[in-house]
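Residue numbers (this note's numbering), protein chains in the order written: chain A, 1 to 219; chain B, 1 to 219.
The C-beta atom is built at its ideal place from N, Cα and C for all residues, glycine as well.
Reading through the structure tokens given below for one structure.
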């Protein structure tokens, strides 16, 4: 019974995700869905990415997903990009339909890139695709180097893996070699990005990745 | 339809949680359920607590909940307490029935305290009580001082709030005053613990809290 209902929910989510993807493809908009634990630094990665891509002449907007508060949307707008805040009101992940409704509210004229921040959660968002071209997992140094072993599905299904807060490596017992080895074992295809939003290290490489795929989409 | 099914799941979870509580009460065992983000340091808090409470002559065992891996159970056994590892196989929180089954596997002769580590997740475990006497929320400095605003349900329903990794305060822009003010607004009753598992600061205060409630339970 429970499985049936879950299939129903996942099925209708899949239809909405497919519609989102078609809309983005038709409009040559590259969409990226970022997931990670609470406090892994997803919003900080967005702030750095917005600054760098804007400097490169790119136009981007942001969809922020949170259980509550509009803190992140306010941070994004201070960073210079329009943001639409979704409050899930308790739900532990975004649904594709929530993103569809957010897209209807945003003025997308001339927009090239949509960054979506999922609810802070390393488990539930994995089952609910939003239709984005890439799903990027944000892990961070303070969470510990064993996270791929403990949350394998999220790491296995990511199209890119960010290790954030690398400026904290001197202060913490984190074995970066072990972390990336575990990532390789679960998902050898996903590009790997080591980032510090404090120093800015690695943001340019992430932006190169985004621009390369934007160029492919534009054909 | 979906609400009906959720009610059904929560209803059967409530029955199992009540049975767990009755078992613990009957056997004068104090049970504590720890929840927090992946990497907030729940297992490290357990390691420090086991060392201190064992030194004080207390007998405790641990139930570890993870999506995958037995990393945490192995850490706990190295710290000197028997641990039972539950792998949820994808589920984003423990159910009360999982804990009941774990209790059947543990030799509880002479055990005074059960520490339960829930799956790393600041959203989903809140809806599924396990029957424990106290639910302790573990937040940590690297996650940022705005977490109570963004995950209010978890903070509102906690019976105690730990701010972990306070040794990292000099390295991070974390306003501890703001964090505790937000906790006060959501939940003025929950005792607050500032802890560093690296230096050991604050572990004794948490152990005092546990021993005080153990004495009450023993009557």
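One or two residues paired with residue 160(A) in a DSSP bridge: Partner(s): 136(A).
Buried or exposed (CB count within 10 angstroms, at least 16 for buried), residue 105(B): Exposed, because fewer than 16 other Cβ atoms sit within 10 Å of the Cβ of residue 105(B).
Anticipated Cβ contact below 8 Å, residue 116(A) with residue 80(A), distance rounded: So it is not a contact: roughly 18 Å between Cβ atoms.
Whole-angstrom distance between residue 212(B) and residue 59(A), CA atom to CA atom: Taking the straight line from one Cα to the other gives about 58 Å.
Nearest to residue 173(B) (by Cα), restricted to the options 41(A), 159(A) and 147(A): Checking every option, the nearest Cα to that of residue 173(B) belongs to 41(A).
Anticipated Cβ contact below 8 Å, residue 195(A) with residue 164(A), distance rounded: About 5 Å separates the two Cβ atoms, so the contact holds.
Residue 162(A) and residue 134(A) closer than 7 Å at C-beta: 7 Å or more divides the Cβ of residue 162(A) from the Cβ of residue 134(A).
Distance, residue 127(A) Cα to residue 2(A) Cα: Residue placement at residue 2(A) is poorly supported in this model, since its pLDDT is 38, which falls under 50; the coordinates still yield a value, given next. Those two C-alpha atoms are separated by around 15 Å.
Three CB pairs or more closer than 8 Å across the region 136 to 150 of chain B and the region 64 to 81 of chain B: The region 136 to 150 of chain B is not in contact with the region 64 to 81 of chain B.
Touching by the beta-carbon criterion (3+ pairs, under 8 Å), the region 14 to 34 of chain B and the region 73 to 93 of chain A: Not touching, per the Cβ criterion.
Residue 204(B) to residue 46(B) span [Cα, whole Å]: Answer to the nearest angstrom: the Cα atoms are 12 Å apart.
Beta strand (DSSP E) segment containing residue 87(B), residue limits: Its beta strand (DSSP E) spans residues 83 to 87.
Given residue 179(B) as reference, the closest of 122(B), 141(B), 94(B) and 97(B) once Cα atoms are compared: For the residues 122(B), 141(B), 94(B) and 97(B), the minimum Cα distance to residue 179(B) belongs to 141(B).
Cβ-Cβ distance between residue 44(A) and residue 197(A) below 7 Å: It is a contact, given that the beta carbons lie within the stated cut-off.
Simplified DSSP assignment, three categories, for residue 67(A): The answer is coil: DSSP assigns residue 67(A) none of H, G, I, E or B.
Under 7 Å between C-beta atoms of residue 130(B) and residue 99(B): In contact: residue 130(B) and residue 99(B) (Cβ atoms closer than 7 Å).
Residues bridged to residue 116(A) (per DSSP): Bridge partners of residue 116(A): 33(A) and 63(A).
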